[in-house]
Each structure stands twice: as C-alpha cells, then as structure tokens.
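Data block below; observations after.
Protein chains: 2
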Amino acid sequence: MDSKKRKRLEAKGWVTGDAADLFGLTPEEARLIDLKLALRASIKEERKRQGLTQEELAKAMGSSQSRLAKIERGDPSASVDLLLKALMALGMTNKQISKLFT
Amino acid sequence: MDSKKRKRLEAKGWVTGDAADLFGLTPEEARLIDLKLALRASIKEERKRQGLTQEELAKAMGSSQSRLAKIERGDPSASVDLLLKALMALGMTNKQISKLFT
DNA sequence: TGCAATTATGTCCGTTTTGCCATATTCTAT
DNA sequence: ATAGAATATGGCAAAACGGACATAATTGCA
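Protein chains in written order, with the numbering used here: chain B, 6 to 107; chain Z, 6 to 107.
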C-alpha cells in the first residue's frame, strides 16, 4: 500500500536528497524519511570513524555486508528498527541516538 | 530467525515488564525492546491526554483500531516505524520524541 | 442493571523487510 | 597497472509486519 509512494520516491531519487520537497506524502511519512536519512548518515559516518568495514559492523549487528551497504546507500527498504540496531551495534548511547532526531 | 526469540519473549510476557531481565537477547535487542516500551507508553498516555479514542488516532495515522490496540498493549509485532508514526500523528515534535529515547 | 462506547484478541493474507548468496564495481596501495 | 580489499547491486526465499474484519471483553454512565 505504500509501494506506489515508494516507487515515486525512488523515481525521485530521494535517497540522495531531502524529503521535504517531495509531494504525495503525508507529513508523517516525510518526517520519517528525513529521520531515516539522518540515521543512515550517522551510521556511515560513525562506522568509518571507528575504522570498521561494512562486513564487521554487519556481523556485529547480526546482518550482512550487502544489507548494510544498502542501508548506507539509502535503500528505502530499511526499517528504523534496523537502523537503530546498527547505531546500537556501533556503541552509540541512547542519548547520542536521541540527538539524531532533533 | 527472530521468531524463536520472540516466542520466548511472549512466553515471558515481556509486554508488561522490563526487557533488561530477559535472557537470550543481544544487548541491542534488549535496548530496542526497552525503547519500544517507552514509545508505546507515551502513545497511550498522550492519546488519552488529548481525549482521543483508539479509532480516531488510528484513522489519523492511517491504521486501524485493532492495530493501535495491539501497539498500546505491547504486541511485539509493531515496528518502531509504526510507533513513530503514531507519535507524529499525535502531533509530537522531533524534540519531544527524542526525549523518549533517553 | 443495562446499554453504548471503547478497547482487546484472534485470524487472515497481501506486502514489506531482511539475511544471504553471487557477482559486479570501486577503491587502495604497491 | 594490477592484485586484493572494500563496497555496491540484483535477486530470492523466508520471516516479519500491518490493515482489515469479526468478535469478545471491558468500561462508563444514566
């Protein structure tokens, strides 16, 4: 039921942009997308900062390299749950994570 | 692959308790559960504070009364994504939501 | 107490998510 | 330039998720 909207998003290439300028989204959906953008950016950033490979982090969070690559690349099929697992596996505290929301 | 753990959780009745004392969970999984507990508590609380019925909030967030009942009751089949949608539909700001993480 | 409104439970089933494998592409250092 | 490491992409089967419906249980109030 979201797939139509998702298709539109992919067509628009939201993976690399900001969600605020897209149409056809409820405010909640737009906010959720923005949030995901922030989370995945932090994942990539923090992983590199720690000098980890995708494979290492993937194992630490119980996922796979290819999945993590997709996350960092902005594949829309990535739940907030999964993004949070990644951040937690990176050792981020709840406090640090909460900052990504604001 | 998570289902075994989930079954264990349900058997343990984590819906009403705190996740910290459960076994068989990675720290990340435990943290995620605690987080969900906090989010759903806020949903219930804020909904009532606004004097909304489950049906009204459900409609506002594009879901159904039964699904929302499950969310508030702590049904494990509720993603963070959905919980966030509920909070957003309740008009909570990112700042307010972020506080629920700490 | 009885009735209406609200909330809870169970189930179904289409959709989405996800781990995983194979493979391609890009990056790094020599 | 080339090998080896790291990352990206495509696809698939299995699992998780979510809206919807029916119905039960609970709550609130006259």
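The beta carbon of each residue, even a glycine, is placed where N, CA and C say it ideally should be.
Helix, strand or coil, according to DSSP, for residue i in the structure here?
i, result
"residue 98 of chain Z", "coil"
"residue 53 of chain B", "helix"
"residue 81 of chain B", "coil"
"residue 68 of chain Z", "coil"
"residue 30 of chain Z", "coil"
"residue 44 of chain Z", "helix"
"residue 104 of chain B", "helix"
"residue 12 of chain Z", "Confidence is the limiting factor: at residue 12 of chain Z the pLDDT is only 49, short of 50, which leaves the residue's position unreliable, though a coordinate-based value still follows. Three-state DSSP puts residue 12 of chain Z in a helix."
Would you please verify whether the beta carbon of residue i is less than 8 Å from any beta carbon of chain B?
i, result
"residue 76 of chain Z", "no"
"residue 36 of chain Z", "yes"
"residue 100 of chain Z", "yes"
"residue 93 of chain Z", "yes"
"residue 4 of chain Z", "With chain Z covering only 6 through 107, there is no way to say anything about residue 4 of chain Z."
"residue 82 of chain Z", "no"
Within 8 Å (strictly less), CB to CB, does residue i reach chain Z?
i, result
"residue 106 of chain B", "yes"
"residue 48 of chain B", "no"
"residue 79 of chain B", "no"
"residue 89 of chain B", "yes"
"residue 68 of chain B", "no"
"residue 63 of chain B", "no"
"residue 26 of chain B", "Since pLDDT at residue 26 of chain B reaches only 47, below the 50 mark, its modelled position is unreliable, and no value is offered."
"residue 103 of chain B", "yes"
Does the beta-carbon distance from residue i to residue j come in below 8 Å?
i, j, result
"residue 40 of chain Z", "residue 106 of chain Z", "yes"
"residue 97 of chain Z", "residue 51 of chain Z", "yes"
"residue 103 of chain B", "residue 84 of chain Z", "no"
"residue 62 of chain Z", "residue 95 of chain Z", "yes"
"residue 66 of chain Z", "residue 34 of chain B", "no"
contact_flag[the region 46-56 of chain Z, the region 70-90 of chain Z] where n(CB pairs < 8 Å) is 3 or more: Between the region 46-56 of chain Z and the region 70-90 of chain Z there are three or more inter-stretch CB-CB distances shorter than 8 Å, so the stretches are counted as touching.
Inter-stretch contact (C-beta, 8 Å, three-pair minimum) for the region 68-85 of chain Z and the region 65-75 of chain B: no
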